[in-house]
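**Q** Offset between the sequence shown (1-based) and my numbering: plus 112.
All C-beta atoms in this analysis are idealised placements derived from N, C-alpha and C, irrespective of residue type, glycine included.
Keep in mind the model is a prediction, meaning the values are calculated, not measured.
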Amino acid sequence: MKQPVRIAVTGAAGNISYSLLFKIAAGEMLGPDQPVILQLLEVPQAMDKLRGVAMELEDCAFPLVHGISLHDNPFDCFKGVHYAMLVGARPRSKGMERSDLLEANAVIFAEQGKALNDVANRDVKALVVGNPANTNCLILSRNAPDLSPTQFCAMTRLDHNRAQGILANKLGINPGDIEGVCIWGNHSPTMYPDLHHAQILGDEAAIDMVDEQWYKEEYTPRIQKRGAEIIEWRGFSSAASAAQASLDHMRDWALGSDGRIVSMGVISDGSYGVAKGIYYSFPAICDFGGYQIIQNLYINDYGQAMMKKTEAELLEEKAAVEHLLPKETAASHEAQSTSSRTEATYYQADRIC
Ligand code: NAD
Ligand code: LMR
């Protein structure tokens, strides 16, 4: 039997966590032979609700769950954690943009960065789900100067999954038959869902199977604004799909993506000319517990313009939270010049597509 690993989940009494925790406990994230200890964080006012969630976890009698602890302080919650799923933050409601949450949620990630820096396992992997995820991730990482920026990711896997699912529905095929969609940039309406490298059943180019006007004028805005569409219909922001995406992201990061391209908001190392030092979604492959940005994909003029627009938005968000960003460290400079691997071992596009 493997040693248990410690997983922190914040916002553990919230909507996303109500799906996520039970999937983690069932072994869907780290595998059916990996015991877990769940370290759950909430704000003091939500501790009763969190106790109820913990009771339900207990009532499932999951054999993989070797312990559950409840906390209202990140410095206690994050002690020794190997994985941190940072969900706890205010969601937007109808009519808001995710960036409207920046002020309310930014301070949460500054404090949690300090806590991870002080008490987490030195190899911790932290995934930011709370919005605006990319810039919260930047704040988190910069407040954890003893950890590498490559240990932090912002979640764009939900956008990636949406891009795959909605395309599959349009083409009348199984989502599993599509490989190579990717999301560039911010988890916001400026993101660029790119179909130019996607293939159907390994040989047909997805972009040739769709009408260009549909791709640019219907599909792209649909992916970009899918979160708002869900809020419009459901009355609340996406929860089960967000939980599934966060689980997919962490599973692939920890165990490998098996050669598949995934989208991850990671520290930019300057790949594709993207400004260094922002958390930008790139196509990546995961293996050996790390990720590698895929290099040398051909980007046409349309794609370059889309990528620049979303980069500009991230730079604006960064400027707005400058006061929460402690000075960059030697570790962050190093990570910006090489992602989680050296240049020589980068995956090359022609080996993937
Ligand atoms: P929710 O309101 O149902 O739950 C959030 C929980 O976080 C609440 O229980 C709240 O008490 C808790 N919380 C707030 N501040 C906290 C803090 N400092 N420490 C610990 N817990 C704290 O919201 P939800 O639907 O679960 O969504 C959570 C976040 O995830 C929102 O910001 C939402 O916009 C975001 N989200 C992101 C994506 C993505 O793709 N990146 C997808 C869906 C939702
Ligand atoms: C989503 O994309 O569903 C989330 O980011 C929630 C939101 O506010 O759109």
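When you compare the stretch 160-176 with the stretch 205-215, are there three or more beta-carbon pairs, one atom per stretch, that lie closer than 8 Å?
**A** At 8 Å Cβ cutoff, the stretches do not touch.
**Q** Starting from Y391 and walking both ways along the beta strand (DSSP E), at which residues does that stretch end?
**A** That run of the beta strand (DSSP E) goes 391-399.
**Q** From I290 to P156, what distance separates their C-alpha atoms?
**A** Between I290 and P156, the C-alpha separation is close to 44 Å.
**Q** Just tell me which of V236, A396, F134 has its CA closest to the CA of D258.
**A** When each option's Cα is compared against that of D258, the closest is V236.
**Q** The ligand LMR and I466: does the residue's C-beta get closer than 7 Å to at least one heavy atom of that ligand?
**A** Outside the shown range of the chain (113 to 465) lies residue 466, about which nothing can therefore be said.
**Q** Can you tell me whether H309 sits near the ligand LMR, meaning its C-beta is under 7 Å from at least one heavy atom of the ligand?
**A** Answer for H309: no, Cβ out of range of the ligand LMR.
**Q** Please confirm whether S380 and G371 have their CB atoms less than 8 Å apart.
**A** Not a contact, by the Cβ cut-off of 8 Å.
**Q** Strictly by DSSP, which residues pair up with F134?
**A** F134 pairs with nothing; no bridge assigned.
**Q** Once you ignore the five residues that flank E341 on each side, which residues in its own chain have a CB closer than 8 Å to its CB?
**A** Only R334 meet the Cβ criterion.
**Q** My understanding is that A275 touches H299, with C-beta atoms under 8 Å, so please give their C-beta distance in whole angstroms.
**A** Not confirmed; about 13 Å, so no contact.
**Q** Provide the residue span of the beta strand (DSSP E) that contains P305, from first to last.
**A** Element bounds for P305: 304-306.
**Q** Just to confirm before moving on: does the CB-CB distance between L437 and R254 stay below 8 Å?
**A** Result yes, Cβ atoms of L437 and R254 sit closer than 8 Å.
**Q** Residues in its own chain within less than 7 Å of M321 by CB, not counting five upstream and five downstream?
**A** L283, I312.
**Q** State the DSSP-derived secondary structure class of A461, mapped to helix, strand or coil.
**A** Legend: pLDDT at A461 = 46, less than 50; position of this residue unreliable, no value from coordinates given.
**Q** Please report the distance separating the alpha-carbon of E215 from that of D188.
**A** Looking at the two C-alpha atoms, the distance is approximately 25 Å.
**Q** State yes or no: is the C-beta of M197 within less than 8 Å of the C-beta of L152?
**A** No.
**Q** Taking the C-alpha atoms as reference points, what is the distance between D160 and N412?
**A** Cα-Cα distance, rounded: 53 Å.
**Q** Exposed or buried, which one is N281 when buried takes at least 16 other CB atoms within 10 Å?
**A** So N281 counts as exposed.
**Q** Does the ligand LMR have even one heavy atom less than 7 Å from the beta-carbon of H299?
**A** Because some heavy atom of the ligand LMR lies under 7 Å away, the Cβ of H299 counts as near it: yes.
**Q** Can you tell me the Cβ-Cβ gap for G377 and D399, rounded? I've got them flagged as a contact below 8 Å.
**A** Incorrect: roughly 19 Å between the Cβ atoms, too far for contact.
**Q** Classify E428 as buried or exposed, calling it buried when 16 or more other Cβ atoms lie within 10 Å of its own Cβ.
**A** Label assigned to E428: exposed.
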